[in-house]
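Under the numbering used here, the first residue of the sequence shown is numbered 133, with each subsequent residue one higher. Taking it in order: structure first as structure tokens, then the write-up.
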Amino acid sequence: MCGLVALAGAVPPDLARAATEGAAARGPHSNGWATWRVKQGWRLSHAAGRLDGWPAPSSLYPVAIGHSRLATSTARPGDAPDPDEGQPLTLGGLTLAHNGTLQPSELATHHNSELYRGPVDSGRLLNYLALGRDPAALVGQLHAPQALIWARPHVGLYAMRLTGVRVPAHPLYAVDADTYTAVSSAPIPDGHLLDPDTPHLIWSF
């Protein structure tokens, strides 16, 4: 399954490495980073292969969200990753990294030219959040387990794991400290497993 990582504030290098490498081990297909820069907004970068390295958060960009994709839902063995199918995704200041599979009938949104209309099924989840819908209302709506990290500047950085129908939620581990937060799909030093089915505000920025 895909790997997710989020770094905010003055994350110690060893913890940033552990969180990123743990997420990278979950997905070799493609990777991406979204960094939020003061006065510049979100900056995205997508590439083929496993997630490698991390943009250490600083006063210039205090938040970074990474995604390491296992494969797209339509990929076959040996397929080259399409850069257009990379994550994180961004829309109107909202940025999302998602691990899970959504069925075509799930989270249908009204046609709106302002919404994400790309090839990634996670775009439906991005649209759901962009329309201001309550993420807590997702509980019970989705059939397969999910994990998501999303952020909106001047609102906050959030993480959430959702159970599926009789299926445990995809893991997300978090470390909270006075000056930093780290989240990863893999266990990280001093991290605690986030409770399922509840949005967690993990950093205000």
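Using N, Cα and C, we set each Cβ at its ideal position, and we do this for glycine too.
Check for me: the alpha helix (DSSP H) holding residue i runs from which residue to which?
i           : result
residue 261 : 254-262
residue 173 : It is not in any alpha helix (DSSP H) - residue 173 instead sits in the beta strand (DSSP E) that spans 173-180.
residue 154 : 145-156
Kindly indicate which three-state DSSP category residue i falls into: helix, strand or coil?
i           : result
residue 229 : strand
residue 293 : strand
residue 270 : helix
Kindly indicate the opening and closing residues of the beta strand (DSSP E) around residue i.
i           : result
residue 196 : 195-201
residue 315 : 312-316
residue 280 : 278-284
residue 332 : 332-335
residue 308 : 305-308
residue 135 : 135-141
residue 164 : 162-169
residue 223 : 221-223
Between residue i and the rest of its own chain, which residues show a CB-CB distance below 8 Å, the 5 nearest in sequence each way excluded?
i           : result
residue 249 : 255
residue 300 : 277, 328
Can you name, in chain order, every residue of its own chain whose Cβ lies under 7 Å from the Cβ of residue i, other than the five neighbours on each side?
i           : result
residue 239 : 256, 257, 260
residue 172 : none
residue 183 : 135, 152, 155, 156, 163, 198, 200
Just to confirm my understanding: we take residue i, look at its own chain, exclude 5 residues before and 5 after, and list those with CB closer than 6 Å. What are they?
i           : result
residue 201 : 134, 159, 161, 162
residue 362 : Nothing can be reported for residue 362, as the shown portion of the chain is limited to 133 through 337.
residue 314 : 139, 143, 147, 151, 307
residue 337 : 194, 195
I believe residue i touches residue j by the beta-carbon criterion, under 8 Å. Please report the beta-carbon distance rounded to the nearest angstrom.
i           : j           : result
residue 281 : residue 197 : 6 Å
residue 195 : residue 289 : 6 Å
residue 295 : residue 267 : With 8 Å as the limit, residue 295 and residue 267 do not qualify as a contact, their Cβ atoms being about 14 Å apart.
residue 168 : residue 285 : 6 Å
Give a yes or no on contact between the region 316-327 and the region 141-160, applying the rule of three or more CB pairs nearer than 8 Å.
yes
Measuring CB atoms only, is the region 248-268 touching the region 217-235, in the sense that at least three cross pairs come out at less than 8 Å?
yes
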